[in-house]
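**Q** Take a look at the following structure, please.
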Amino acid sequence: MANTKHRPQRGDLRSAFGSGGPSQEQRALEVWPPLAPPCQLAESPGSTRKVCRAGRRGLSTLEEPGKGAGQRRGVEKDKLRAGAPLPIPQHTQELQNILAEYWDTGTAAAFSMDGVSTAILLLLLAVISLSLTFTSWGKGQLPPGPKPLPILGNLLQLRSQDLLTSLTKLSKKYGSVYTVYLGPRRVVVLSGYQTVKEALVDKGEEFSGRGSYPVFFNFTKGDGIAFSNGERWKVLRRFSVQILRNFGMGKRSIEERILEEGSFLLEVLRKTEGKPFDPVFILSRSVSNIICSVIFGNRFEYDDERLLTIIRFINDNFQIMSSPWGELYNIFPSLLDWLPGPHRRMFRNFRGMKELIARSVREHQASLDPNSPRDFIDCFLTKMAQEKKDPLSHFQMDTLLMTTHNLLFGGTETVGTTMRHAFLILMKYPKIQARIQEEIDRVVGRARTPSLEDRVNMPYTDAVIHEVQRFADVIPMNLPHRVIRDTHFRGFLIPKTPQEFNPEHFLDANQSFKKSPAFMPFSAGRRLCLGEPLARMELFIFLTSILQNFTLQPLVEPEDIDLTPLSSGLGNLPRPFQLCVQVR
1 MANTKHRPQR
11 GDLRSAFGSG
21 GPSQEQRALE
31 VWPPLAPPCQ
41 LAESPGSTRK
51 VCRAGRRGLS
61 TLEEPGKGAG
71 QRRGVEKDKL
81 RAGAPLPIPQ
91 HTQELQNILA
101 EYWDTGTAAA
111 FSMDGVSTAI
121 LLLLLAVISL
131 SLTFTSWGKG
141 QLPPGPKPLP
151 ILGNLLQLRS
161 QDLLTSLTKL
171 SKKYGSVYTV
181 YLGPRRVVVL
191 SGYQTVKEAL
201 VDKGEEFSGR
211 GSYPVFFNFT
221 KGDGIAFSNG
231 ERWKVLRRFS
241 VQILRNFGMG
251 KRSIEERILE
261 EGSFLLEVLR
271 KTEGKPFDPV
281 FILSRSVSNI
291 ICSVIFGNRF
301 EYDDERLLTI
311 IRFINDNFQI
321 MSSPWGELYN
331 IFPSLLDWLP
341 GPHRRMFRNF
351 RGMKELIARS
361 VREHQASLDP
371 NSPRDFIDCF
381 LTKMAQEKKD
391 PLSHFQMDTL
401 LMTTHNLLFG
411 GTETVGTTMR
421 HAFLILMKYP
431 KIQARIQEEI
441 DRVVGRARTP
451 SLEDRVNMPY
461 TDAVIHEVQR
471 FADVIPMNLP
481 HRVIRDTHFR
491 GFLIPKTPQE
501 FNPEHFLDAN
511 QSFKKSPAFM
521 PFSAGRRLCL
531 GEPLARMELF
541 IFLTSILQNF
551 TLQPLVEPED
561 IDLTPLSSGL
571 GNLPRPFQLC
581 VQVR
């Protein structure tokens, strides 16, 4: 641990909803949150406003229940399980339930001749079941869409490297609400700001559940603040919001931590002495240290092996989950669980991360003072002790480990990746970088560090930061949502050029900063990201502090810088690059 200790004040990241009894579970629908078209302009159907490149959540998908990892592997008692809302023949639904039950019990591992015969029979029944399911496509009250093939669904019509662009193109043909199949999983897509807002904000209660996301569910089993549902999620979110606020989230005290960390970052950049370097770890260490100080009570030195291990695990997993292989796992998890591939390294990383967190928890337990909590872990352990006699308590050790992982992942990768996108963009457009520096010199000068109070007087810088978030769209599909009850939506029953970086999107005619209602980098509604205030503060202070002291210089000509993502899956990852920083 490092030398700087943060005292708490007296007194995940995305969240989810799910509810109640079997009747609701049988009717629930899973909902993917806003999907923003990252690479091409889409006219918002039924709207006069164009969806921007990042679209800021210009698309959202609603996933059908009973098709995700939850049904395949079994879900804890408060997670929603649901049947298909289309009028599928009863015998077909029973076959699907039998197949799910077979794999859940693990009997497939007993490969006697009888086991093989049973497996083959069940596979044939599954194909028949899926065929009947797809035959019933379009006969219910779900929105229209392209006709799927058995098992493959609409995968042949979608580009795995750029799923969002494919979905955006389909919205032009089928409208703002339409249905596609990602393999055997039925998904309803919402396109355009008005449609997404109506679902996530106006009908926020109905759409507040967390849908299945197999890559994460394999590890979390539906636990933790980001992937839980029902009463557990409500309790965890309420608790986490309160504790994060107590430790300065959105307050002056957290700004002081960011300013302090920014000074360490500037010192590291000075030590590069104008030589080329890869910014990945330099930026990630600074960003991660902010959330680490809240969770663990201390910041880490930049050469601390624990901090470096956290960043390696998170960066590697984010790359895998953002690759076509990661998308493939989310579509066919039961199949890929039996095959080798990068997903196995990802799950090893998850386990390593869990053990690292558990090690820190054990250290906290050994020195815990319930009357003087030092950080998030102390507060959670104290709550566990208070409710240890309650068999229904949601404050358990696994929940602490998963929630801590959720906070670390969300608080490290998103801002770090956004900063790398910003570096690339500012090097490609040096005139924009120079204009920001001119505004910094005029408003802040060189004698002091920029603070959040300066933001209101720096509209151009604020606009550029928002445009970076819009353009980069770091989490293009966000995390899946689900409806928690039968929801009628727009008549259906649900059991400017985006490629151009332009800060004028966030400036009015008087060059003052203007908000855009379609700008949703942190999602919207009840699943709004807990870390939004922290991320906004980090982006402004880190970026302005860097540009106050340095000019970013590329190793190639600006026109040769490629801003298209290296991959686009869970996240939009910038291409690897090196740069130099010239002291101003």
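With the first letter of the sequence shown counted as 1, position 6 gets the number 6 in UniProt numbering; the numbers rise by one all the way through. Ideal placement from N, C-alpha and C gives every residue a C-beta, glycine not left out. Here the structure is a predicted model, which is why all the values come from computation and not from measurement.
Any idea if A447 is buried or exposed, counting beta-carbon neighbours within 10 angstroms, 16 or more meaning buried?
**A** Per the 10 Å Cβ criterion, exposed.
**Q** Give me whichever residues DSSP pairs with R312 in a beta bridge.
**A** None; R312 has no bridge partner.
**Q** What is the DSSP secondary structure of V583, reduced to helix, strand or coil?
**A** V583 falls in the strand class under three-state DSSP.
**Q** Short of 6 Å in beta carbon distance, which residues of its chain neighbour E413, apart from the five on each side in sequence? Order them along the chain.
**A** Only I314 and F318 meet the Cβ criterion.
**Q** CB G204 to CB R482, shorter than 8 Å?
**A** No. Outside cutoff.
**Q** Count the CB pairs spanning the segment 508-518 and the segment 240-247 that are closer than 8 Å, and state whether there are at least three.
**A** Segments in contact, no.
**Q** Along the alpha helix (DSSP H) that carries P437, what are the first and last residues, could you check?
**A** According to the sequence as given, residue 437 is Gln; it is not Pro. P430 to V443 is the extent of the alpha helix (DSSP H) around Q437.
**Q** Can you tell me which of the three DSSP states T449 falls into?
**A** Coil at T449, not helix or strand.
**Q** By DSSP, does P146 sit in helix, in strand, or in coil?
**A** P146: coil per DSSP, three-state reduction.
**Q** In angstroms with no decimal places, state the Cα-to-Cα distance between S512 and F506.
**A** Distance between the alpha carbons of S512 and F506 is about 8 Å.
**Q** State the start and end residues of the unbroken alpha helix (DSSP H) segment that holds F277.
**A** Looking at the DSSP string, F277 is not in any alpha helix (DSSP H), and its letter there is neither H nor E.
**Q** Classify A42 as helix, strand or coil using the three-state DSSP reduction.
**A** Low confidence applies to A42: its pLDDT is 30, below 50, so where it sits in the model is not reliable, and the reading given next is rough at best. It is a strand residue.
**Q** In chain order, what residues of the same chain have a beta carbon less than 7 Å from the beta carbon of L283, not counting five sequence neighbours either side?
**A** The answer, listed in chain order, is G416, M419 and R420.
**Q** Quick check on the burial criterion: 16 or more other C-beta atoms within 10 angstroms. Buried or exposed for H488?
**A** Classification for H488: exposed.
**Q** Along the chain, where does the beta strand (DSSP E) containing F247 start, and where does it finish?
**A** That residue, F247, is in no beta strand (DSSP E); it is neither H nor E in DSSP.
**Q** Below 8 Å between beta carbons: does that hold for P148 and Y181?
**A** Yes, these two residues count as a Cβ contact at 8 Å.
**Q** Helix, strand or coil for P324? Go by DSSP, reduced to three states.
**A** P324: helix per DSSP, three-state reduction.
**Q** Which residues in the same chain have their Cβ closer than 8 Å to the Cβ of P430, if we skip the five residues on either side of it in sequence?
**A** Once the five neighbours on either side are set aside, the close Cβ partners of P430 are P558.
**Q** Compare the C-alpha of L328 against each of F492, Y213 and T272 and name the closest.
**A** Checked all of F492, Y213 and T272; the closest Cα to L328 is Y213.
**Q** Spell out the partners DSSP gives R344 in its beta bridges.
**A** In the DSSP output, where bridge partners are listed per residue, R344 has none listed.
**Q** Counting pairs of beta carbons, one from the segment 547-555 and one from the segment 522-532, are three or more of them closer than 8 Å?
**A** Contact fails: fewer than three Cβ-Cβ distances are below 8 Å.
**Q** Might you give, ordered along the chain, the residues of its own chain that have their beta carbon closer than 6 Å to the beta carbon of A110, omitting 5 neighbours on each side?
**A** Its pLDDT being 32, under 50, A110 is placed unreliably by the model, and nothing is read from it.
**Q** Give the list of continuous alpha helix (DSSP H) stretches no shorter than 4 residues that lie fully inside the segment 153-187.
**A** Taking only runs of at least 4 residues, the alpha helix (DSSP H) segments lying wholly in the segment 153-187 are 163-174.
**Q** Could you tell me the distance, in whole angstroms, from the CA atom of T404 to the CA atom of A509?
**A** Cα to Cα, the separation comes out at about 44 Å.
**Q** Just to confirm before moving on: does the CB-CB distance between I425 and F471 stay below 8 Å?
**A** Yes, the Cβ-Cβ distance between I425 and F471 is below 8 Å.
**Q** The alpha helix (DSSP H) with V196 in it runs from where to where?
**A** Y193 to K197 is the extent of the alpha helix (DSSP H) around V196.
**Q** Among K354, T382 and R351, which has the Cα closest to the Cα of A366?
**A** Closest by alpha carbon: T382.
**Q** Helix, strand or coil: which one does DSSP assign to P558?
**A** Reduced to three states, the DSSP call for P558 is helix.
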